[in-house]
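As you go down the protein sequences, you meet chains A and B in turn. As numbered in the numbering used here, residues 1 to 298 make up the first sequence, in order. As numbered in the numbering used here, residues 299 to 619 make up the second sequence, in order. Virtual Cβ for every residue (Gly too), placed ideally from N, Cα, C. The structure displayed is predicted, hence computed values, not measured ones. The structure appears right after this line, and notes come after that.
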Amino acid sequence: MSEKTAGRWGLFLRSEIFHNYRRSPSAIAGSIMVVLVLLVALLGPIWTVQNPYDIASLELGDAYKPPVWLEGGEAKFFLGTDQQGRDMVSAIVYGSRVSLFIGIAGTIMASVIGIALGLMAGYFGGKVDGIIMRIADIQLSFPTMLIALLLMSVLGKGVFNILLSLTLVGWVRYARTVRGETLSVKKSEYIEAAKVIGLPDLRILVRHVLPNVFASIIVLSTIQVGSFILTEASLSFLGMGVPLTRPSLGMLCNNGFTVLYSGLWWVSILPGLYIMVIVFGINLLGDFLRDELNPKLK
Amino acid sequence: MFRFIVKRLIQLVLVLFVVSLIVFVFTSVMGNPVYLMVRENATEAEIQAVVQYLGLDKPLPVQYGIFLKNALHGNFGKSYMYHLPALGLIMERFPATLEIVVVALLLSASLGIPLGVLSGAYPKSKFSQGVMAFSIAGISMPSFWIGMVMIFFFSLYLGVLPVSGRGDVGTILGINTSLATVNGWQHIILPSITLALGNVATIIRLTRSGMQENMRQDYVRFARAKGVPRRKVLFGHALKNTLIPVVTIFGLQMGSLIAFTTITETIFAWPGMGKLLIDAINIAARPIIAAYILFVAVMFVFINFIVDILYVFIDPRIDLQ
């Protein structure tokens, strides 16, 4: 890179974090995986051989085809077909769109609520802090998976209900982290100064406190997307996640599990493998970011 | 110590009160049990009779009072489906769940701690990097997927281990358990490994970072300088000081293992309380769900209590007062 590269981009290219990034094979591998997965999800519908939701495009005669490298496989169905003649490549591509959407949207929702509550608890203290943190404590004493499962049993299947459950279980970690950092930022002189010149609380929170806790939020969010994708997959696998009409990768595993015993392993194991690829890439990247941005969380 | 125990008991009562309130609200909004009990073309009078029988005509606070009183007597009502007391059903299934959880915990400790110690002591080695890659992969795998892969490979492809169920049950100390028979052990291996894998990864990472921190301390260098063998320093000196967070995470992990038994037991058709919960949710069996949540809550408080007591044994500097 030329030393003269100007502007913010140049600043980034010369930064320590980019320097370390170029020397970390796992971070590079992770980001390549994430970019590929996102590209496949975005552009996938252009090149898949069928729309797996469109029942009219399915041929029952194509059912039970193994992947192309096994005997009886067809080049058209690279990873085989399921019991209804659905091309597995198309099913996985469309499934990953649902899984990624839930992971990312859920993280955004949980982070917005968690950050707001965390900022309030840390900044105002007192009763607000007490109430928010007690709720967080009680919630943290139960495993996330169990709470999400019970919430889904009340709310019923559906993409929006999953997002709601994930938000309700996910805000806690944001609130805790943001509260902790707000407490330490609050004592700094520039916050005192901002108060003295009479800035409103909202402005102080958004313009002066929030940017200082942003690094932790990025680290947390990266890891959260992966863990939400896994939680959603588990819920859908148990039949308490997305509806059959809009299958995520976890739902595909659920659907394929019934024919695993007949030896049709590709229908259930391949979508699960793709979940692992997605989450593995996210976690490699998350690990790097955590080491770089927030050594305290290490 | 005595004061600590009393304090903990008061805390237990408080937690249970809050949980019972949540459970009550929760199960109240969950489907209408009346329609599960009457036939499809029931008359108004029949529906009224069932509503009265279930006490649903009373105001909510009164209903909660009745619920609480019954719950204190261990009575959560009968399951609509099994026609058996809900708590009894859970207690009956509990040993099966405890079995796989205990075996999974032992597996993850015996694998996770040594791997964590070694990779923390030599963080730059190839071995350590391999362990770290494995642990990231471990937390990236959906647990049901691990189960499916193992069923396919060991049961269907190699045909060496049974696909599902609990196998022969024998008795140890009057408790029926699969751990007493060879066939039972064959059945327990796959579910426990499935349950343990994600856990191993967490324990490796925690032990590793604790070890890395302790290896830099003066007492470790001093021990090496005076000629204590490397292995003894690792497992005797450094590991001992790393154990506190590891034990804490063990307590937490036990809770999440119990939650994940819902998935493992569903895959392996293991007749434990996790599978019972999923079945109960599918048929909206309120009494079983309520009993399950309160049972698990008592268990979590109890586990935390044990963990706190363990601290004192591991680190005498900790004072519970």
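Name the residue from the options whose alpha carbon lies nearest to the alpha carbon of residue i.
i	options	result
I601 of chain B	B:G386, B:L555, B:R528, B:G410	B:L555
L60 of chain A	A:T81, A:A41, A:L210, A:F18	A:T81
L183 of chain A	A:Y94, A:F124, A:L285	A:F124
I191 of chain A	A:T177, A:V172, A:V206	A:V206
A536 of chain B	B:A419, B:V399, B:N497, B:G445	B:A419
G436 of chain B	B:K422, B:N497, B:G386, B:Q361	B:N497
R306 of chain B	B:V596, B:F324, B:G353	B:V596
S462 of chain B	B:Q361, B:T562, B:I576, B:P357	B:T562
T500 of chain B	B:L459, B:Q484, B:V544, B:E511	B:V544
S96 of chain A	A:V37, A:W265, A:V172	A:V37
I398 of chain B	B:I320, B:F442, B:I547, B:I486	B:I486
G87 of chain A	A:G106, A:S57, A:R290, A:I275	The sequence as given places Asp at residue 87 of chain A; Gly does not occur at that position. For D87 of chain A, the nearest C-alpha among the options comes from A:S57.
L210 of chain A	A:I223, A:S111, A:S262	A:S111
Q309 of chain B	B:F598, B:L608, B:I612, B:Y609	B:F598
R503 of chain B	B:V415, B:L493, B:I542, B:T560	B:V415
V279 of chain A	A:V35, A:E74, A:R176, A:S188	A:V35
N580 of chain B	A:L79, A:G170, A:G241	A:G241
S221 of chain A	A:L289, A:S234, A:A75	A:L289
L119 of chain A	A:H19, A:G256, A:K186	A:K186
V313 of chain B	A:I135, A:G7, A:S26	A:I135
V480 of chain B	B:T492, B:L495, B:L459	B:L459
L304 of chain B	B:V610, B:R615, B:F603, B:Y609	The question names Leu, but residue 304 of chain B is Val in the sequence shown. Of B:V610, B:R615, B:F603, B:Y609, the residue nearest in Cα terms is B:F603.
R584 of chain B	B:V323, B:T560, B:Q510	B:V323
R391 of chain B	B:T560, B:I547, B:Y609, B:A582	B:T560
Quick one, are the C-beta atoms of residue i and residue j less than 9 angstroms apart?
i	j	result
I269 of chain A	G30 of chain A	no
M33 of chain A	L284 of chain A	yes
L155 of chain A	I591 of chain B	no
P45 of chain A	K157 of chain A	no
S24 of chain A	V49 of chain A	no
G549 of chain B	F558 of chain B	no
L413 of chain B	T505 of chain B	yes
S318 of chain B	L366 of chain B	yes
E292 of chain A	E71 of chain A	no
P52 of chain A	W266 of chain A	no
V219 of chain A	G114 of chain A	no
R490 of chain B	V401 of chain B	Note that residue 490 of chain B is Ser in the sequence shown here, rather than Arg. Against a cut-off of 9 angstroms, the Cβ pair of V401 of chain B and S490 of chain B comes out as a contact.
N254 of chain A	L264 of chain A	no
D516 of chain B	F302 of chain B	no
K538 of chain B	I612 of chain B	yes
G226 of chain A	G85 of chain A	no
L454 of chain B	Y64 of chain A	no
Q83 of chain A	V277 of chain A	no
S141 of chain A	I229 of chain A	no
A148 of chain A	I132 of chain A	no
T231 of chain A	V159 of chain A	no
F442 of chain B	S234 of chain A	yes
G570 of chain B	A394 of chain B	yes
Kindly identify the DSSP beta-bridge partner or partners of residue i.
i	result
D87 of chain A	A:T81
For residue i, which residues in chain B fall below 8 angstroms Cβ to Cβ?
i	result
D287 of chain A	I434
F160 of chain A	Going along chain B, no residue has its Cβ under 8 angstroms from F160 of chain A, so there is no contact; the nearest lies around 17 angstroms.
E268 of chain A	For clarity, residue 268 of chain A is Ser in the given sequence; the question names Glu instead. In chain order: M446.
M120 of chain A	Near M120 of chain A there are no residues of chain B at all, since even the closest Cβ is about 22 angstroms away, more than 8 angstroms.
G170 of chain A	Here the premise fails: no neighbours, minimum Cβ distance about 15 angstroms.
Taking C-beta pairs closer than 7 angstroms, name the residues in chain B that residue i reaches, listed in chain order.
i	result
I104 of chain A	The contacting residues do not exist; I104 of chain A stays about 17 angstroms from chain B at best.
F12 of chain A	Near F12 of chain A there are no residues of chain B at all, since even the closest Cβ is about 26 angstroms away, more than 7 angstroms.
L149 of chain A	T560
G263 of chain A	L454
I138 of chain A	V316
V98 of chain A	Under the 7 angstroms cutoff, chain B gives no residues; its nearest Cβ is about 15 angstroms from V98 of chain A.
Using a Cβ cut-off of 9 angstroms, pull out every chain A residue sitting near residue i, in sequence order please.
i	result
S318 of chain B	What S318 of chain B touches in chain A: nothing, since even the nearest Cβ is about 13 angstroms away.
G463 of chain B	Neighbours of G463 of chain B on chain A: none; closest Cβ ~13 angstroms, over 9 angstroms.
S554 of chain B	P143, T144, M145, L146
Could you work out which residues of chain B lie near residue i, taking near to mean beta carbons separated by less than 9 angstroms?
i	result
L79 of chain A	Going along chain B, no residue has its Cβ under 9 angstroms from L79 of chain A, so there is no contact; the nearest lies around 16 angstroms.
S234 of chain A	P440, S441, F442, F558, T560, I561
M276 of chain A	A435, S438, M439, P440, W443
Under 7 angstroms between beta-carbons, which chain A residues line up against residue i? List them in chain order, please.
i	result
I437 of chain B	N283
T564 of chain B	L238
I576 of chain B	L238
Under 8 angstroms Cβ-Cβ, which residues of chain A neighbour residue i?
i	result
F450 of chain B	L260, W265, I269
Using only the heavy atoms of the ligand MN, determine whether one of them is closer than 8 angstroms to the beta carbon of residue i.
i	result
I581 of chain B	The ligand content of the structure shown is nil, which means the ligand MN is not present either.
### Message
Under 8 angstroms, with one C-beta from each stretch per pair, do the region 434-450 of chain B and the region 551-568 of chain B reach the 3-pair mark?
### Response
yes
#### Entry: Cβ pair count under 8 angstroms reaching 3, the region 516-527 of chain B against the region 415-433 of chain B
Under the 8 angstroms Cβ criterion, the region 516-527 of chain B does not count as touching the region 415-433 of chain B, having fewer than three qualifying pairs.
### Query
At a cut of 8 angstroms, does the region 243-254 of chain A reach the region 194-204 of chain A through at least three beta carbon pairs?
no
### Message
Within 8 angstroms, do at least three Cβ pairs link the region 266-280 of chain A to the region 213-220 of chain A?
### Response
no
### Task
Determine contact between the region 574-581 of chain B and the region 161-168 of chain A, defined as no fewer than three beta-carbon pairs at a distance below 8 angstroms.
Counting Cβ pairs under 8 angstroms, fewer than three are found: no touch.
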